[in-house]
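Asker: Can you keep this structure in mind? I'll have questions shortly.
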Amino acid sequence: MSARGRGAVIEVEIDHRRVPYADFVKLLGEVGGRVVSRDGFWPLSKYRILLPKRNVRAFLSLLEEAQRSGAEAQRAV
């Protein structure tokens, strides 16, 4: 028995030094997505995530903003 989700499956690579895992999960929850699979180890992980089709762009822009602000915070330290 397999569960099939509706929407778009995309693959993203996350640098958890810039975007902590808790923030990543929070962003994903805001747009109604979920992790389908994970590959890799800390700090770089690749995720396949399932998102409603209408929220893919919103998630990618939120993730890009979070990565940018994480990089700026890392440079400031």
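Each residue of the sequence shown is one higher than the last, beginning at 1094 in my numbering.
Even glycine gets a Cβ: it sits at the ideal position worked out from N, Cα and C.
All values reported here derive from a predicted model rather than from experimental measurement.
Considering only the beta carbon of each residue, do I1107 and V1128 sit closer than 8 Å?
Answerer: Counted from its first residue, the sequence shown places residue 1107 at position 14. Counted from its first residue, the sequence shown places residue 1128 at position 35. Contact: no.
Asker: Less than 8 Å between the C-beta atoms of V1105 and Y1140, yes or no?
Answerer: Locating residue 1105 in the sequence shown gives position 12, where the first residue counts as 1. Locating residue 1140 in the sequence shown gives position 47, where the first residue counts as 1. Contact: yes.
Asker: Exposed or buried, which one is S1095 when buried takes at least 16 other CB atoms within 10 Å?
Answerer: As a first step, residue 1095 is located in the sequence shown; it is residue number 2 there, counting from the start. Residue placement at S1095 is poorly supported in this model, since its pLDDT is 48, which falls under 50; the coordinates still yield a value, given next. The residue is exposed, with fewer than 16 neighbouring Cβ atoms inside 10 Å.
Asker: Report yes if the C-beta distance between N1148 and G1122 is below 8 Å; otherwise report no.
Answerer: Position 55 of the sequence shown, counted from the start, is the residue given in the question as residue 1148. Position 29 of the sequence shown, counted from the start, is the residue given in the question as residue 1122. Not closer than 8 Å, so no.
Asker: Just grab the DSSP bridge partners of Y1140 for me.
Answerer: What you label residue 1140 is simply residue 47 of the sequence shown in a count that begins at 1. The partner list for Y1140 (beta bridge, DSSP) reads V1105, R1131.
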